[in-house]
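Numbering (my numbering), first residue to last: 4 to 116. In this text, a Cβ means the ideal position worked out from N, Cα and C, and glycines have one as well. It should be emphasised that the depicted structure is a prediction, and the values quoted were computed from it without experimental measurement. Structure record follows, encoded as structure tokens.
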């Protein structure tokens, strides 16, 4: 599977309602299996939201500062995003991803520990 297979796919909650489209992927760096092995990057979560521009420009996580008019607008748009842990994914079928939770059980990326 490639990242491009996931980006833009629509995520559906356990009740069949759409959650949003995949806008970003979260990876975690992990050490290799043996001594001297390179780091591995494992997919840990999908970020879904109504609009992808804030994610692609880096405003979704809040660490990017930009021109004053864009920063508050793009952060507000990305604030509607939801984080879907990889462990909650039940099925991937083409551009449809089904998860094991309802939309109201998901958290926002900026509220993660």
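Rounded separation between residue 104 and residue 16 - CA only:
Within the chain shown, residue 104 is the residue found at index 101, counting from 1. Within the chain shown, residue 16 is the residue found at index 13, counting from 1. C-alpha separation (whole angstroms): 6 angstroms.
Alpha carbon to alpha carbon, how far is residue 72 from residue 4? Give it in angstroms, no decimals.
By one-based count along the chain shown, residue 4 stands at place 1. By one-based count along the chain shown, residue 72 stands at place 69. So the two alpha carbons sit approximately 38 angstroms from each other.
Can you tell me where the beta strand (DSSP E) with residue 27 in it begins and where it stops?
Residue mapping note: residue 27 aligns to position 24 of the chain shown, counting from 1. Unbroken beta strand (DSSP E) run through residue 27: 21-33.
Which residues does DSSP pair with residue 14 in a beta bridge?
Within the chain shown, numbered from 1, the residue matching residue 14 stands at position 11. Residue pairing by DSSP puts residue 14 in a beta bridge opposite 23 and 100.
May I ask which residues mark the beginning and end of the alpha helix (DSSP H) holding residue 6?
Here residue 6 is taken as the residue at index 3 of the chain shown, counted from 1. Residues 6-9.
Measure the beta-carbon distance from residue 12 to residue 100 and round it to whole angstroms, keeping in mind my assumption that it falls under 8 angstroms.
Here residue 12 corresponds to residue number 9 of the chain shown, with the count starting at 1. Here residue 100 corresponds to residue number 97 of the chain shown, with the count starting at 1. Indeed, because the Cβ distance is near 5 angstroms, the residues count as touching under 8 angstroms.
According to DSSP, is residue 84 helix, strand or coil?
One-based indexing of the chain shown puts residue 84 at position 81. The answer is coil: DSSP assigns residue 84 none of H, G, I, E or B.
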